[in-house]
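The sequence shown lines up with residues -19 to 153 when you count with the numbering used here.
We put the beta carbon where it would ideally sit given N, CA and C, even for glycine.
For reference, the structure discussed in these notes is given below.
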Amino acid sequence: MQRILCVVIKLLRYLYSILASCITLTGLLLILLFLIGIRPYAVQTGSMEPEIETGSLCFVNQNIPYDTIHENDIIAFRIKGNLLVTHRVYQITPEGFVTKGDANNTEDASVITEQEYIGKTVYWIPKIGYVMMFLHTRRGMFFGICVFLIFILIGFLFHDDDDNRNGGEMHGI
């Protein structure tokens, strides 16, 4: 029975280390993307379906200049002060970009100028935006902090103590 318990604990340590590595790599990737000007945004409506589903996580490159955008590019922009929108450039006029959501019947009411432009949407992952939206709520923040603390606690519980494996003997350098 003790041998089975040891195998189970080793398996759990292994799975924990894989999960911890994945979380760490994801965090480092997001930090790197942030540092080079690529920001994640969650899609909250179906205006770009079927191309970009509601709940997708979009990555917007803020380094792509306004004047390099072409028709059919998908861009992110702000309207009405702080409302973030991701739509396709339908037409380029001297006044700016006429945009339209793929699922919408009409173009957007306002022309997007360089002041409203945030960047070009370069990639998106379906469904992951729901997690981001949840984590931006009070309940989601509380849940995220609890999961993080539990994850840390499990790390301490599954810590592989070298002293126990070596019978407590000391090793010199």
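Out of curiosity, what's the CA-to-CA distance linking GLY148 and THR4?
For GLY148, the predicted model reports a pLDDT of 49, less than 50, meaning its position is unreliable and no value from the coordinates is stated.
Using a Cβ-Cβ cutoff of less than 8 Å, which residues in the same chain neighbour GLU51 once the five nearest sequence positions on both sides are dropped?
Around GLU51: VAL69, TYR70, GLN71 and ILE72.
Taking buried to mean at least 16 other C-beta atoms within 10 Å of its own C-beta, is ALA56 buried or exposed?
By the 10 Å Cβ count, ALA56 comes out buried.
I need the straight-line Cα distance from ASP82 to LEU(-8), nearest angstrom please.
Taking the straight line joining both Cα atoms gives about 46 Å.
Just verifying my parser: in three-state terms, what is the DSSP assignment at ASP142?
Confidence at ASP142 is low in this model, with a pLDDT of 48, below 50, so the placement of that residue should be treated as unreliable; the coordinate-derived value is given next. Helix at ASP142.
Pick out whichever of PHE122, ASN85, ILE49 and TYR(-4) has its Cα sitting closest to the Cα of LEU133.
Closest by alpha carbon: TYR(-4).
When the Cα atoms are used, what is the spatial distance from ILE(-16) to GLY135?
Roughly 21 Å separates the two Cα atoms.
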